[in-house]
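Enquirer: Below is the structure I would like to discuss, written out as structure tokens.
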Amino acid sequence: MKIILASASPRRKELLEQLGLTFLVFPAQGEEKQVGDTPSEIVMNLAKQKAGEIYEKMIEAKVGEQDSLVIGADTVVVKDGKVLGKPKNREDAFTMLKGLSGSIHEVYTGVSLWMREDGKKVQYSFYECTKVTMYPVTDEELNRYIDTGEPMDKAGAYGIQGKAAAFIKKIEGDYNNVVGLPIARIYQELKQLGIDVYKFS
Ligand SMILES: Cc1cn([C@H]2C[C@H](O)[C@@H](COP(=O)(O)OP(=O)(O)OP(=O)(O)O)O2)c(=O)[nH]c1=O
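Structural data, given as structure tokens:
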């Protein structure tokens, strides 16, 4: 059995490595469409598109002659019901961070698992939500943070694992979910499905 991570995110790769799993990385190339009415639906749909693309390619390319598991994920920040993805530019990053400063927001990560078991396609998605409280941050601090370049490839324009750690007052829920992959939940869901990930190689 093979595990394939359908992601270009170095953080997702690191988190999966933390579990000591053997896996391949094939990032999805397609332009995903934001579909859904709620943050949870949106992240699960986006994760599904990423994992689905790689699952289909893998079958086509016959990389997966054996049973396989493809993992896709998507992370967004939600502030007062508004979904924030990655900032488009510096101004966008500033507006996002200014909105998060001194208040509480949620981070949603959707996960989609596509499996081939005994020649059959099985697809399963779920999401995890973490509440994050940010200290008030001055405009000068925000500009200095944006100058580091750290916000640009991250949902909500910050990385809790990086320099933005200085702005985080409290988190409720899974830290790894904020970084982009709720590994404990993934492991537990697979366990419930009767899948022992350590049997994959
Ligand atoms: C909130 C937050 C997000 N992020 C990151 C996680 C994700 O990589 C990114 C959100 O973008 P995503 O679109 O979820 O993922 P991605 O484009 O980086 O990678 P791929 O689609 O190939 O899997 O924001 C952090 O690294 N730290 C944080 O604190």
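Take 1 as the starting number for the sequence shown in UniProt numbering and just add one per residue.
By construction, the Cβ of each residue, glycine as well, lies at the ideal position given by its N, Cα and C atoms.
Considering only the alpha carbon of each residue, which of Asp37, Ala155 and Asp147 lies closest to Val77?
Expert: Ranking the options by Cα distance to Val77, first place goes to Ala155.
Enquirer: Looking at C-alpha atoms only, which residue of Ala73, Lys131 and Tyr145 is the closest neighbour of Arg90?
Expert: Checked all of Ala73, Lys131 and Tyr145; the closest Cα to Arg90 is Tyr145.
Enquirer: Leaving out five residues before and five after Tyr187 in sequence, what residues of the same chain have Cβ atoms less than 7 Å from its Cβ?
Expert: Cβ neighbours of Tyr187 beyond the five flanking positions: Leu19 and Val197.
Enquirer: Out of Gly149, Gly119, Asn45 and Met96, point me to the one whose CA is closest to Lys79's CA.
Expert: When each option's Cα is compared against that of Lys79, the closest is Met96.
Enquirer: At a threshold of 6 Å, does Pro27 count as lining ligand 1 (C-beta to nearest heavy atom)?
Expert: Yes; taking the cut-off as 6 Å, the Cβ of Pro27 has a heavy atom of ligand 1 nearer than that.
Enquirer: If we ignore side chains and look at the alpha-carbon of each, how far apart do Ser125 and Gln161 end up?
Expert: Answer to the nearest angstrom: the Cα atoms are 25 Å apart.
Enquirer: What runs of the beta strand (DSSP E), each 3 residues or longer, lie entirely inside the segment 100–139?
Expert: Qualifying beta strand (DSSP E) stretches, in chain order: 104–117 and 120–134.
Enquirer: Am I right that Val83 and Pro136 are in contact with their C-beta atoms under 8 Å? What's the rounded C-beta distance?
Expert: The Cβ separation is near 23 Å, so there is no contact.
Enquirer: Would you decide whether Glu128 is buried or exposed? Buried here means 16 or more other CB atoms lie within 10 Å of its CB.
Expert: Buried, by the Cβ-count rule.
Enquirer: Report the residue from Gly173, Asp174, Glu32 and Ile168 whose alpha carbon sits nearest the alpha carbon of residue 210.
Expert: What is shown of the chain runs 1 to 201, which leaves residue 210 out entirely.
Enquirer: Tell me which residue opens and which closes the beta strand (DSSP E) that Lys2 is part of.
Expert: Per DSSP, Lys2 belongs to the beta strand (DSSP E) from Lys2 to Leu5.
Enquirer: From Lys33 to Leu46, what does the alpha carbon distance come to, in whole angstroms?
Expert: Distance between the alpha carbons of Lys33 and Leu46 is about 7 Å.
Enquirer: According to DSSP, simplified to helix, strand and coil, what is Ser9?
Expert: Coil.
Enquirer: Going by C-alpha distance, which of Met115, Lys88 and Asp147 is nearest Phe200?
Expert: For Phe200, the nearest C-alpha among the options comes from Met115.
Enquirer: Residues in the same chain with beta-carbon distance under 6 Å from Glu172, minus the five sequence neighbours each way, listed in chain order, please.
Expert: Closer than 6 Å at Cβ, skipping near neighbours: Lys131.
Enquirer: Tell me the residue span of the beta strand (DSSP E) that contains Ala73.
Expert: Segment Ser68 to Lys79, the beta strand (DSSP E) holding Ala73.
Enquirer: In or out: Thr148 buried (at least 16 other Cβ within 10 Å) or exposed?
Expert: It is exposed - the Cβ of Thr148 has fewer than 16 other Cβ atoms within 10 Å.
Enquirer: Go ahead and pull the three-state DSSP assignment for Ala172.
Expert: Position check: residue 172 holds Glu in this sequence, whereas Ala was assumed. In this structure, Glu172 counts as strand in the three-state DSSP scheme.
Enquirer: Leu84 lies in the beta strand (DSSP E); which residues open and close that run?
Expert: Segment Lys82 to Leu84, the beta strand (DSSP E) holding Leu84.
Enquirer: According to the Cβ coordinates, are Asp74 and Val43 closer than 7 Å?
Expert: Yes, Cβ-Cβ distance for Asp74 and Val43 is below 7 Å.
Enquirer: Do Asn177 and Thr109 have their CB atoms nearer than 7 Å?
Expert: A contact, by the Cβ cut-off of 7 Å.
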